[in-house]
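Note sheet for the following structure.
2 protein chains.
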Amino acid sequence: MARRVLVMGAAGQLGRQVCGRFASSSWRLIAADVVAAGGADLALGGLGAAAALEALQEKLRGERLDAVVNVAGGFAMGSAQDAEVLDNTKAMVESSVYSSVLAAHLAAKALKEEGLVILPGAAAAWGPTAWSLPYGLSKVAVHHLVRSLAAEGSTLPKGAKTIGLAPQILDTPQNRAAMPDADRSTWASLEEVAEQIERWCADPQLVQSGQVYLIDKAPGQPAGFEAKDPL
Amino acid sequence: MARRVLVMGAAGQLGRQVCGRFASSSWRLIAADVVAAGGADLALGGLGAAAALEALQEKLRGERLDAVVNVAGGFAMGSAQDAEVLDNTKAMVESSVYSSVLAAHLAAKALKEEGLVILPGAAAAWGPTAWSLPYGLSKVAVHHLVRSLAAEGSTLPKGAKTIGLAPQILDTPQNRAAMPDADRSTWASLEEVAEQIERWCADPQLVQSGQVYLIDKAPGQPAGFEAKDPL
């Protein structure tokens with residue numbers, strides 16, 4: 511029987527790649543995003559937890575998920591002095607934190623035992639981020655969710671695991687445009703990350719619950735994934 | 511010349527105590543909260559950063575603040591399975607995180623050099639919080655703000671310091687009602703905390719910027735304040 515995965519942030523750059531990878535590996539894919547666009551077939555924008563769960567269960571028809579993968583996120587700058595710092599914080603919290611809390615809730619209700627939850631962290635969360643309060647605080651909150659969902663009493667199904675994924679920088683069209691002169695030999699490709707995500711979801715034995723995996727890449731080498739304590 | 515302090519969360523239990531303490535120590539007090547009630551004279555609810563700054567500057571009439579104290583916060587339970595977990599997350603993020611980002615912005619714009627910023631952390635943020643994702647992730651985000659605002663490039667005025675305040679449990683009417691049989695001899699009183707806050711604001715040399723102060727209390731002893739790394 512085909513395995514089932516819920517991908518959140520499915521319409522984003524990484525999300526589309528992840529969805530493609532699951533689809534080509536014969537998973538039954540539920541692709542969710544704030545709007546039903548860019549390949550997403552479950553629109554979660556503006557839905558509360560109860561309505562989102564109901565919409566998901568309609569698609570699951572009594573089955574349960576093998577994995578919940580949230581790659582929603584985005585990026586925002588903003589130091590304390592920045593006039594946009596509060597608005598950017600709200601945007602980052604909504605895309606990274608609220609989506610991850612919803613992912614946790616949907617996993618608690620609809621994941622199989624020994625299933626896997628993957629949440630969108632960031633390498634920046636391991637240190638202060640004076641240059642971006644919105645990005646840093648949102649990703650720190652996601653890292654805290656990872657350790658909390660892996661802890662005793664998380665209410666996830668028995669044996670379920672939760673990990674975070676912490677890119678330093680990914681090779682996206684946006685990053686290429688923003689940093690045209692940068693050395694891209696250390697940028698992990700979306701394909702590499704999507705492939706690793708599918709591999710983990712197919713065999714959650716490969717991961718250590720409660721860890722955040724730093725995505726690292728040396729020039730000319732494939733991307734590496736290093737398990738680290740979230741905070 | 512009287513020193514000036516902005517207290518955010520002024521209408522709450524701790525906020526009222528803090529305002530009282532500043533007022534009786536001859537500070538010029540600007541008491542802010544989401545609504546102008548319970549002693550608050552600056553209503554910030556629904557205001558963006560620009561409007562909040564304008565409202566503050568109208569009260570400051572060209573002067574600058576010696577301290578910004580945010581004691582907004584609250585408490586919410588909510589494990590992953592809880593139907594209210596997303597709504598409770600939004601409430602906690604709004605009260606603790608957005609207020610703290612706004613406090614940071616107002617401090618960047620209106621604090622004096624060598625002034626002090628105090629933000630509302632929590633002892634719970636030093637570990638996983640499976641029992642409350644909303645509370646834990648919000649307070650972790652605040653602790654991250656503390657370390658980021660104390661870091662190089664924070665854009666706060668020169669020499670300004672930022673600390674967090676991390677209560678385990680405070681002696682409030684709500685906590686008494688929620689835990690009628692608890693041993694209250696280890697609960698710090700609001701008076702003790704308010705007194706310490708005023709002392710720090712009067713002499714920021716007493717604090718180490720970037721630290722979060724754990725409020726601890728042994729039975730029969732005054733409350734202690736222990737500086738700890740935020741994360």
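Keeping their order, the protein sequence lines are chains A and B.
Sequential numbering of the first sequence, starting at 511, is according to the working numbering.
Sequential numbering of the second sequence, starting at 511, is according to the working numbering.
Glycine included, C-beta positions come from ideal geometry on N, C-alpha and C.
Shown here, glutamate 564 of chain A sits in a helix according to DSSP, grouped into three states. For the region 640-661 of chain A, the beta-carbon criterion of a distance under 7 Å to any beta-carbon of chain B is satisfied by Ala640, Trp641, Leu643, Gly646, Leu647, Val650, Ala651, His654, Leu655, Arg657, Ser658, Leu659 and Ala661.
The beta carbon of glutamine 567 of chain B sits no closer than 8 Å to any beta carbon of chain A.
Residue-level contact check: aspartate 693 of chain B does not touch chain A, since none of the beta carbons of chain A fall below 8 Å from its beta carbon. Here serine 664 of chain A is not bridged, per DSSP, to any residue. For the C-beta of proline 638 of chain A, the chain B residues within less than 7 Å are, from N- to C-terminus, Arg657, Ser658 and Ala661. The Cβ atoms of aspartate 543 of chain B and glycine 525 of chain B lie closer than 8 Å to each other. With a minimum length of 4 residues, the unbroken runs of alpha helix (DSSP H) contained wholly in the region 651-702 of chain A fall at 683-688.
Contact of threonine 665 of chain B with chain A is assigned, a C-beta pair being separated by under 8 Å.
Under the Cβ distance rule, aspartate 597 of chain B counts among the residues neighbouring chain A, one pair being separated by less than 8 Å. When 9 Å is used as the limit between beta carbons, tyrosine 723 of chain A is near no residue of chain B, the shortest such separation being about 18 Å.
Against chain B, the CB of glutamine 591 of chain A has a partner CB under 8 Å away; the residue lies at that interface. Under the Cβ distance rule, glycine 556 of chain A does not count among the residues neighbouring chain B, no pair being separated by less than 8 Å. Where arginine 538 of chain B is concerned, the enclosing beta strand (DSSP E) starts and stops at 538-543. Using a Cβ-Cβ cut-off of 8 Å, alanine 614 of chain B is close to Ala590, Val595 and Leu643 of chain A, given in chain order. The region 565-629 of chain A contains, as complete beta strand (DSSP E) runs of 3+ residues, the segments 575-580 (chain order).
Contact annotation: in the region 615-632 of chain A, residues whose CB is within less than 8 Å of a CB in chain B are His615, Ala617, Ala618 and Lys619. For leucine 716 of chain A, the closest Cβ of chain B is not nearer than 8 Å. Assignment of beta-bridge partners to phenylalanine 735 of chain A by DSSP yields A/Ile725. Against chain A, a Cβ distance below 9 Å from lysine 668 of chain B picks out nothing, because the smallest value is about 13 Å. Under a criterion of Cβ atoms nearer than 8 Å, the residues of chain B adjacent to lysine 600 of chain A are, in order, Tyr608. In this structure alanine 651 of chain A is not in contact with histidine 615 of chain B, their Cβ atoms being roughly 19 Å apart against a cut-off of 8 Å. Beta-carbon to beta-carbon, leucine 539 of chain A and valine 578 of chain A are separated by about 12 Å, too far to satisfy the 8 Å threshold. By alpha-carbon distance to leucine 557 of chain A, the top candidate from A/Gly549, A/Leu516, A/Leu612 and A/Thr599 is A/Leu612.
By the criterion of a C-beta distance shorter than 8 Å, tryptophan 641 of chain A is surrounded in its chain by Met587 and Ser589, once the five residues flanking it on both sides are discounted. Per DSSP, reduced to three states, the secondary structure at serine 642 of chain B is strand. Counting C-beta pairs with one atom in each stretch, the region 699-712 of chain B and the region 652-667 of chain B have fewer than three that are closer than 8 Å, which means they do not touch. Excluding five sequence positions before and after alanine 541 of chain B, the CB atoms of its chain that fall closer than 7 Å to its own CB belong to Val517, Ala520, Cys529, Gly549, Ala550, Asp551 and Leu552, given in chain order.
Within the same chain, and ignoring the five residues on either side of glycine 555 of chain B in sequence, the residues whose Cβ sits closer than 6 Å to its Cβ are Val544 and Val545. Against leucine 741 of chain A, the close residues of chain B are Val650 and Leu741, in the order they occur along the chain (beta-carbon pairs closer than 8 Å).
Taken through DSSP and simplified to helix, strand or coil, leucine 524 of chain A comes out as helix.
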